[in-house]
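Chemist: Using the working numbering, the letters of the sequence shown correspond one by one to residues 45 to 206. Supplied in structure tokens, the structure appears directly below.
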Amino acid sequence: MSTSVTFSIDDLEQTAHVGACLAKAIAPHWESGVILYLSGDLGAGKTTLSRYILRTLGHQGNVKSPTYTLVEPYELEAGNVYHFDLYRLADPEELEFMGVRDYFGEKCICLIEWAEKGANYLASADLAITLELGEKRSCTIGATSKRGETIVEVCRRNKELA
Numbered sequence: 045m046s047t048s049v050t051f052s053i054d055d056l057e058q059t060a061h062v063g064a065c066l067a068k069a070i071a072p073h074w075e076s077g078v079i080l081y082l083s084g085d086l087g088a089g090k091t092t093l094s095r096y097i098l099r100t101l102g103h104q105g106n107v108k109s110p111t112y113t114l115v116e117p118y119e120l121e122a123g124n125v126y127h128f129d130l131y132r133l134a135d136p137e138e139l140e141f142m143g144v145r146d147y148f149g150e151k152c153i154c155l156i157e158w159a160e161k162g163a164n165y166l167a168s169a170d171l172a173i174t175l176e177l178g179e180k181r182s183c184t185i186g187a188t189s190k191r192g193e194t195i196v197e198v199c200r201r202n203k204e205l206a
């Protein structure tokens with residue numbers, strides 16, 4: 045699938061806009077579950093984007109990086125959000141021992157940073173989000189499932205309205 049949309053994210057305000065756009069597009073699919081893979085270099089903004097997604101979905105408290113815990117759970121009114129950071133994962137098999145498959149299901153949104161370190165232990169993504177540093181920072185949201193295509197189309201429409 046090749047459906048994607050790219051946003052410029054030169055400051056926190058634009059990052060917040062992308063996070064809000066994503067959250068609003070994802071929310072109608074919460075019931076069936078949504079999986080997002082976030083990739084990009086260290087410092088590209090994966091955790092910051094996740095923070096804005098969580099806030100738009102209704103989380104009121106602090107959003108901390110799950111770098112050392114591997115996963116931070118958030119229980120919200122509509123369902124659960126699990127924020128993973130697999131950067132420090134030594135062996136993908138560790139995910140099996142922690143019961144990672146239990147996190148993927150209905151009424152769950154999974155935000156997974158450094159998903160490539162999870163090998164074959166992760167469920168397939170609906171969206172592949174790539175954050176890029178450089179002269180111009182950008183965030184590309186790509187669909188990797190039918191559900192993802194629907195979400196990307198909503199993001200594209202919201203981008204055009206902004």
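We treat Cβ as the ideally placed atom computed from N, Cα and C, and that holds for glycine.
#1: Hey, would you say F148 sits closer than 9 Å to G77, going by beta carbons?
#2: In chain order, what residues of the same chain have a beta carbon less than 7 Å from the beta carbon of E17, not counting five sequence neighbours either side?
#3: Assuming C207 contacts I53 (C-beta within less than 8 Å), just tell me the rounded distance between them.
#4: By DSSP, does I185 sit in helix, in strand, or in coil?
#5: Go through its chain and collect everything with a Cβ distance to E197's Cβ below 8 Å, but skip five positions before and after it.
#6: Report buried or exposed for A134, applying the criterion of at least 16 other Cβ atoms within 10 angstroms of its Cβ.
#7: With DSSP as the reference, please indicate the residues paired to G123 in a beta bridge.
#8: Cβ atoms of S94 and A172: under 9 Å apart, would you say?
Modeler: Walking through what the data contain:
#1: One-based indexing of the sequence shown puts residue 148 at position 104. One-based indexing of the sequence shown puts residue 77 at position 33. For F148 and G77, yes; Cβs fall inside 9 Å.
#2: Residue coverage of the chain in this structure runs from 45 to 206, which leaves residue 17 outside it and unanswerable.
#3: Outside the displayed span of the chain (45 to 206) sits residue 207, for which this structure offers no information.
#4: Taking the sequence shown and counting its residues from 1, one reaches residue 185 at position 141. DSSP places I185 in strand when its eight states are reduced to three.
#5: As a working note, residue 197 is residue 153 in the sequence shown. Contacts found: T47.
#6: Numbered from its first residue, the sequence shown carries residue 134 at position 90. Counting Cβ neighbours within 10 Å, A134 comes out exposed, since fewer than 16 surround it.
#7: As a working note, residue 123 is residue 79 in the sequence shown. The partner list for G123 (beta bridge, DSSP) reads L120.
#8: Sequence index remark: in the sequence shown, residue 172 carries index 128 (1-based). Sequence index remark: in the sequence shown, residue 94 carries index 50 (1-based). No, these two residues do not count as a Cβ contact at 9 Å.
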